[in-house]
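Residues in the sequence shown are numbered consecutively from 5, following the working numbering.
All C-beta atoms, glycine included, are put in the ideal place defined by N, C-alpha and C.
First the structure, in the form of structure tokens, and then the observations on it.
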Amino acid sequence: MTTLLPAWHLLEPQSVKALLEPPAGVPKALALVPARIAPEVALQAPMIVAARLLLERVQEGAGLILTKAGFLKRADVWEVFDRTEWPGLSKAHTLAMNKVLNEQDAFGVLFTRIVLQSAGLLRKRGGVLRASKVGKSLLEPEAAPALLSLLFESAFWKTNLQDFDRNPLEFWPQHHMGLVLWSLSVAAHDWSRASTLVESCTLMETIGDPIAPDYPEFALITRALRPLTWLGLLEVREAGTRSDDDVQEYRKTPLFDQLLSFDVRLREAEGPLQ
């Protein structure tokens with residue numbers, strides 16, 4: 005049986021380092037290039053659709069009043085949920101499982117709202133969400149690529165994605181997201197399952213103590229593959245008869261290579277990627 009080397013083994017050590025630093029921001033070897041994206045393409049990304057709906061709804065009145073627990077009210081949740089689609093998640097299943105739809109039940113809406121706040125585009129004051137000056141300026145359709153770039157950076161470097169999945173793997177693989185992204189750029193041209201991508205695109209040796217075998221795959225899905233799909237950089241399809249994550253496959257969309265630019269150097273490959 006052939007042992008698969010992670011994709012990042014193709015990189016020179018200095019390039020690996022440049023994809024890991026700084027640890028709390030966009031890596032030195034990665035540039036976001038929204039100018040390469042057509043506005044009409046960015047406008048189709050699920051999170052852009054949801055973000056624009058939230059920003060528009062905030063501006064319709066005096067902001068969005070939050071519940072005492074800090075969540076959006078049901079009417080606001082429904083307004084966004086009803087007008088959005090979230091690849092990899094079934095709206096019909098969500099509605100069947102919930103008699104009333106709270107923000108915690110509409111995960112795509114919750115995720116987008118948190119990322120907007122992390123980006124500074126929505127701000128909470130006195131229990132009310134209001135749009136920042138920058139947030140208001142990004143509502144114009146031609147600003148959609150810039151909005152996508154800001155949401156991308158916010159999702160992976162300003163938001164703790166562990167808060168959404170209760171997976172005990174702290175910050176993994178978010179703490180090496182630059183390396184994950186470059187590896188996906190060369191390993192996700194064709195449809196691949198998360199179980200394959202977790203081997204080819206992550207730093208497994210950073211996990212440490214023995215854990216349940218499905219934790220890394222689950223973390224890669226919830227903290228990388230699913231957000232990238234909702235940002236429009238990946239697409240997902242069912243690869244089996246059930247509609248859960250372990251039978252879904254992912255691959256890059258053209259938007260992946262349009263938004264992301266890597267400054268890395270390759271060394272001679274030591275084995276097959278896949």
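Alpha carbons only, please: which of the options is nearest the one belonging to residue i?
i, options, result
"ASN171", "GLU239, LEU8, LEU152 and ALA216", "ALA216"
"TYR219", "VAL202, PRO231 and TRP234", "VAL202"
"GLU16", "GLU157, ALA33, PHE75 and VAL81", "ALA33"
"VAL119", "LEU264, GLY92, LEU36 and LEU59", "LEU59"
"SER199", "ALA223, TRP234, GLY130 and THR257", "ALA223"
"GLU253", "ASN164, ALA243 and GLN262", "ALA243"
"PRO91", "VAL240, ALA35 and LYS77", "VAL240"
"TRP176", "ILE211, LEU151 and SER189", "ILE211"
"ALA22", "LEU9, ILE225, LEU185 and THR257", "LEU185"
"PRO43", "ALA148, ALA55, VAL20 and LEU126", "ALA148"
"ALA46", "LEU259, THR163 and LEU114", "LEU259"
"ARG61", "LEU229, LEU126, HIS180 and GLU25", "LEU126"
Output the boundary residues of the alpha helix (DSSP H) element that contains residue i.
i, result
"PHE168", "Run containing PHE168: none; DSSP gives neither H nor E here."
"VAL84", "78-85"
"ALA100", "95-101"
"ALA148", "148-161"
"VAL113", "111-122"
Could you tell me the alpha carbon to alpha carbon distance between residue i and residue j, rounded to whole angstroms?
i, j, result
"ARG269", "ALA28", "23 Å"
"THR116", "THR206", "25 Å"
"SER158", "MET51", "12 Å"
"LEU142", "PHE156", "14 Å"
"GLU89", "GLY182", "27 Å"
"TRP82", "ALA73", "18 Å"
"ARG255", "GLY130", "42 Å"
"SER187", "LEU93", "25 Å"
"PRO231", "LEU152", "12 Å"
Looking at the secondary structure, which residues open and close the beta strand (DSSP E) in which residue i lies?
i, result
"PHE266", "264-266"
"ARG269", "Note, ARG269: premise wrong, no beta strand (DSSP E); not H, not E."
"ARG127", "126-129"
"VAL132", "132-135"
"ALA35", "34-36"
Residue i: buried (16+ other C-beta within 10 angstroms of its C-beta) or exposed?
i, result
"GLN48", "exposed"
"GLY139", "buried"
"SER204", "buried"
"GLN108", "exposed"
"ALA66", "exposed"
"ARG271", "exposed"
"HIS97", "exposed"
"VAL20", "buried"
At 4 residues or longer, what runs of the alpha helix (DSSP H) sit wholly inside the segment 178-259? Runs found: 181-191, 198-205, 219-224 and 230-234.
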